[in-house]
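Residue numbers (the working numbering), protein chains in the order written: chain R, 20 to 344; chain B, 20 to 344.
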């Protein structure tokens with residue numbers, strides 16, 4: 020399958036690498052809003068300005084949208100679903116129904132398939148929530164994130180006056196995690212589930228006490244959490260906090276039996292050295308799936324809930340049954 | 020959906036309980052090879068001899084086959100797939116391709132859908148192996164079972180002369196599990212992955228040393244493992260070892276990045292108080308899925324790889340996207 024990428028940030032570069040690990044995929048073009056001459060990529064694909072994208076309608080099987088959920092994807096995914104089979108990683112949970120409807124309308128008009136909200140959360144975590152709920156109708160759901168870097172929270176710190184750079188880690192509270200796994204069905208507040216740890220580089224002479232207070236009291240981002248702030252040098256930030264690890268787990272606990280006397284724990288756990296590279300790997304697997312659906316004549320918007328698992332794999336049904344069932 | 024059960028052992032009773040937790044399912048009939056008058060069940064369903072099953076062709080939407088994989092299912096699933104939509108938990112991995120072909124032929128003849136090898140392994144573990152392989156093409160797979168009761172190994176001990184009863188636990192080796200989770204990609208022998216712990220009740224005056232030796236040297240079952248044998252009283256066995264817990268985990272570790280420099284761990288973990296009741300809960304969710312596929316006009320054999328996840332849930336696509344994506 021011939022892959023196109025729109026947007027060459029962390030996610031776009033991740034898709035470029037992931038394509039190399041999938042022999043049935045080929046990266047043919049990278050589209051950017053920047054001047055293509057300024058973009059240095061790590062493969063033989065063409066680099067083009069996004070204004071040329073319509074000319075590639077018949078030369079790309081799946082276009083992977085690597086923009087952000089805040090402003091890029093709500094506009095791009097419906098727009099390009101008219102011309103291409105598309106995959107996005109839209110992750111604004113509250114706006115998913117609206118985004119789905121927009122993509123569905125466009126994709127049906129164009130006779131294409133568009134899959135939204137692909138990645139690990141939403142994505143693999145959603146799948147595991149859904150499977151576990153279908154299997155254990157009586158139970159409780161828990162999602163923990165981390166230990167990992169939250170780009171949104173890191174950015175929020177960087178916007179504070181006097182801050183040069185920052186990295187924020189979201190960390191699950193071990194005691195809460197254990198209570199869940201022990202089937203104690205705890206009711207957990209935001210503060211009881213996760214803590215936040217910040218590594219901050221400030222301008223010379225900046226008022227550290229004021230910055231720490233501003234971080235800890237920031238509404239939505241930090242005020243509901245126990246937050247730790249470490250002031251470090253730029254060298255230390257670069258040496259020890261340049262990665263983008265993440266992960267987390269989805270847990271459902273539930274009961275069965277004549278008297279609901281038996282407890283069960285279903286846990287799905289991810290530990291990722293690189294959040295964007297792992298997300299990219301999920302995007303490529305779902306690109307394969309929608310390419311197949313498209314060849315079967317399907318059109319419209321899909322989510323991970325709609326895709327038969329076998330469609331993600333390059334192996335045939337026979338091979339899968341023989342080797343993985 | 021109207022559910023029928025064939026076979027009323029641990030699994031059949033589990034399905035009976037699971038139906039009560041799913042408001043869209045109703046148990047209408049239990050079929051047995053025994054005298055129906057001898058069977059006391061825990062619901063209002065009819066109890067009938069299996070010889071009457073053909074009369075129920077139009078009164079049952081999905082027949083759940085609760086027999087064993089050794090001799091029951093290879094014969095029953097193809098036979099009844101001609102008359103009913105069927106679900107089984109066939110778990111003889113090596114014979115799955117042959118079983119699939121037989122069920123596929125029958126189900127297509129009868130215009131029915133038959134799904135085989137549903138449960139947690141094969142079943143949910145298979146799904147997780149498949150998803151993880153599609154997402155991380157370069158990596159290693161590991162499956163650990165336990166801590167849990169192996170019925171096959173418990174039965175093998177019971178067949179030894181002088182043994183009255185026994186329970187065998189399969190236990191993953193913690194050191195191996197940690198090496199896998201640390202992305203060390205260990206090559207693990209059978210002995211390095213699991214240990215076996217046996218609780219054995221013997222006849223008065225039985226030769227315990229001989230029995231212990233027979234257990235530990237039993238080919239296929241114990242000789243490749245480090246095995247511990249405890250001789251206990253019947254009272255202790257009943258008090259402390261009457262449950263049928265099980266569980267385990269499927270782990271895939273893999274690499275991404277320009278230089279394969281990033282490690283990722285995908286782990287799926289089950290901790291189950293009752294192996295047959297949990298398996299039954301999976302069977303009901305897949306019964307829902309094949310009932311839907313059948314109403315859409317599909318026929319033939321399926322596995323968990325073929326079923327779009329949303330088909331397992333009683334919720335609509337819209338509800339799922341809103342609440343679980």
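Heads up, the beta-carbon is just placed ideally off N, CA and C, and yes, glycines get one too. Since this is a predicted model, take the numbers as computed values, not measurements.
| Check | Outcome |
| --- | --- |
| As a quick exercise: from R:88, R:236 and R:38, pick the residue whose alpha carbon is nearest that of residue 64 (chain R). | R:38 |
| Could you list which residues in chain B have their beta carbon closer than 7 Å to that of residue 329 (chain R), in chain order? | 324 and 325 |
| Out of curiosity, what's the CA-to-CA distance linking residue 184 (chain B) and residue 231 (chain B)? | 14 Å |
| Label residue 90 (chain R) either buried or exposed according to how many other C-beta atoms from any shown protein chain fall within 10 Å of its C-beta, with 16 as the threshold for buried. | exposed |
| Let me check understanding here. Comparing Cα to Cα, which of R:60, R:41, R:71 and R:163 lies closest to residue 286 (chain R)? | R:163 |
| Establish whether the CB of residue 40 (chain R) and some CB of chain B are separated by less than 8 Å. | yes |
| For the region 269 to 293 of chain B, enumerate the residues whose C-beta is nearer than 7 Å to any C-beta of chain R, in chain order. | 275, 276, 277, 281, 282, 283, 284, 285, 286, 287, 288, 289, 290, 291, 292 and 293 |
| In this structure, how does DSSP classify residue 144 (chain B) when only helix, strand and coil are distinguished? | helix |
| For residue 61 (chain R) and chain B, any beta-carbon pair shorter than 8 Å? | yes |
| So who's on the other strand from residue 75 (chain R), going by DSSP bridges? | DSSP output for residue 75 (chain R) lists no bridge partner at all. |
| How close, in whole Å, do the beta carbons of residue 307 (chain R) and residue 333 (chain R) come, if the pair is a contact with beta carbons under 8 Å? | 7 Å |
| Hey, which unbroken runs of the alpha helix (DSSP H) at 4 residues or more fall wholly within the region 58 to 136 of chain R? | 91 to 100 and 115 to 129 |
| Give the residues of chain R in contact with residue 97 (chain B), contact being defined as C-beta atoms less than 8 Å apart. | Result: empty, since nearest Cβ-Cβ is about 16 Å, beyond 8 Å. |
| Quick check on the DSSP output: the alpha helix (DSSP H) that includes residue 251 (chain R) runs from which residue to which? | Premise fails: residue 251 (chain R) is in no alpha helix (DSSP H) and is neither H nor E. |
| Check each residue of the region 114 to 135 of chain R: if its Cβ is closer than 7 Å to any Cβ of chain B, include it; give the result in chain order. | 115, 116 and 119 |
| Run down chain B in chain order and give the residues with a C-beta less than 7 Å from the C-beta of residue 154 (chain R). | 300, 301 and 304 |
| Indicate the three-state DSSP secondary structure (helix, strand or coil) for residue 157 (chain R) in the structure shown. | coil |
| Report the start-end ranges of each alpha helix (DSSP H) in the region 171 to 255 of chain R that is 4 residues or longer and not cut off at the edges. | 193 to 200, 209 to 212 and 227 to 235 |
| Can you tell me whether DSSP reads residue 48 (chain B) as helix, strand or coil? | strand |
| Relative to the C-alpha of residue 266 (chain B), which residue among B:288, B:281, B:252 and B:246 is closest? | B:288 |
| Is there a C-beta anywhere in chain B that falls below 8 Å from the one on residue 311 (chain R)? | no |
| Against chain R, with Cβ distances strictly below 8 Å, would residue 28 (chain B) count as a contact? | no |
| Rounded to whole angstroms, what's the CA-CA distance from residue 192 (chain R) to residue 124 (chain B)? Just pull it up for me. | 53 Å |
| Confirm, please, whether the CB-CB distance from residue 79 (chain R) to residue 107 (chain R) is below 8 Å. | no |
| Using beta carbons (cut-off 8 Å, strictly below), is residue 240 (chain R) in contact with chain B? | no |
| Residue 20 (chain B) CB to nearest chain R CB: under 8 Å? | no |
| Since residue 301 (chain B) contacts residue 138 (chain B) with CB under 8 Å, what's their CB separation in whole angstroms? | 5 Å |
| Indicate the three-state DSSP secondary structure (helix, strand or coil) for residue 287 (chain B) in the structure shown. | strand |
| Could you tell me whether the region 227 to 245 of chain R touches the region 171 to 179 of chain R, where touching means 3 or more Cβ pairs closer than 8 Å? | yes |
| Using a Cβ-Cβ cut-off of 8 Å, state whether residue 145 (chain B) counts as contacting chain R. | yes |
| Under 8 Å Cβ-Cβ, which residues of chain B neighbour residue 141 (chain R)? | 344 |
| Is the number of C-beta pairs between the region 21 to 38 of chain B and the region 52 to 69 of chain B that are closer than 8 Å three or more? | yes |
| Among the candidates R:151, R:69 and R:166, whose CA atom is the shortest distance from the CA of residue 56 (chain R)? | R:69 |
| Return the first residue and the last residue of the alpha helix (DSSP H) that residue 301 (chain B) is part of. | 294 to 314 |
| Cβ closer than 7 Å: which chain R residues qualify as neighbours of residue 340 (chain B)? | 115, 116, 119 and 322 |
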